[in-house]
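Step one of this worksheet: look at the structure below.
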Ligand code: PAF
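In the UniProt record's numbering, the protein residues as written are 1 to 282.
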């Protein structure tokens, strides 16, 4: 695997592959890679001749009181893991390369509507930062396709919207959520969980399953959401939201609509966890 720390070196590599007629799949990450990320690389490999991953902890998607400084950075382990996955190239840009005019003077990106609800309501500016860095990465890598996990369901919708609206010639491929044996969705933030918190964390997945089952039984959506919130609070979470939405994240009229998804964001101690369950897929 080639590791590139400059855009010039990455582009030279990409030009060579293009000359050979190879298609390029892209997996953007913030590092601290786990099996969930490696599954994204594997999926990209199924769809493209060459796979590029990036590791960049993007400052513009963290709020002032969020975990940017303590976000786990494990570059050596990540590089070994990606090489084992037979990833073809890794792009490791610096903050200066990504934001040459700084993070204040940079061109801004704002996807309206879906960024104001759910995580967007609790993390103001977060999805602007995500859209901004993904747009920059798409320009740098110019991939044919890019893989994003369904675990970050709202992020996936934001990126789909942005790519379509901005005419990025990139196919967005969603990847299923990988779970631990007890159902906890894999996430780099799981390692913040201390003591009993790890055992409690699985209650999010159990609550999502309750929400799906209750919808299948025809319980009204507001009642499902209230009960889900109460269950999580009783388990020790501070709940940002527990909601049932349509696939496009608008509110459903009734619990038996096809294609609904339950989404939860909740804090346990210092750790904010998110997860979701698509009713038709589960
Ligand atoms: O999902 C992530 O890890 C990040 O939000 C992404 C898409 C790499 C942008 O920084």
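Even glycine gets a Cβ: it sits at the ideal position worked out from N, Cα and C.
| query | result |
| --- | --- |
| Put residue 99 into one of helix, strand or coil per three-state DSSP. | coil |
| Check the DSSP bridge columns for residue 50 and list the partner residues they point to. | 24 |
| Can the beta-carbon of residue 262 be found less than 8 Å from the beta-carbon of residue 244? | yes |
| Answer yes or no: do residue 147 and residue 25 have a C-beta to C-beta separation smaller than 8 Å? | yes |
| Decide if the region 152-167 is in contact with the region 99-108; the criterion is three or more beta carbon pairs, one per stretch, under 8 Å apart. | no |
| Hey, quick one: how far does the beta strand (DSSP E) through residue 229 stretch, first residue to last? | No beta strand (DSSP E) holds residue 229; the alpha helix (DSSP H) holding it covers 221-234. |
| Residue 117 to residue 20, Cα distance in whole Å? | 44 Å |
| Alpha carbon to alpha carbon, what distance is there between residue 61 and residue 126? | 4 Å |
| Please name the residue in 230, 178, 137 whose C-alpha comes closest to that of residue 277. | 178 |
| Taking 7 Å as the cut-off, is the CB of residue 134 close to at least one heavy atom of the ligand PAF? | yes |
| Please name the residue in 143, 54, 252 whose C-alpha comes closest to that of residue 32. | 54 |
| With hydrogens ignored, establish whether the beta-carbon of residue 155 is closer than 7 Å to any heavy atom of the ligand PAF. | yes |
| Helix, strand or coil for residue 94 per DSSP? | coil |
| By alpha-carbon positions, which one of 137, 119, 27 ends up nearest to residue 273? | 119 |
| Among the residues of its own chain, which have a CB less than 8 Å from the CB of residue 252, if the five just before and after it don't count? | 221, 244, 245, 246, 260 |
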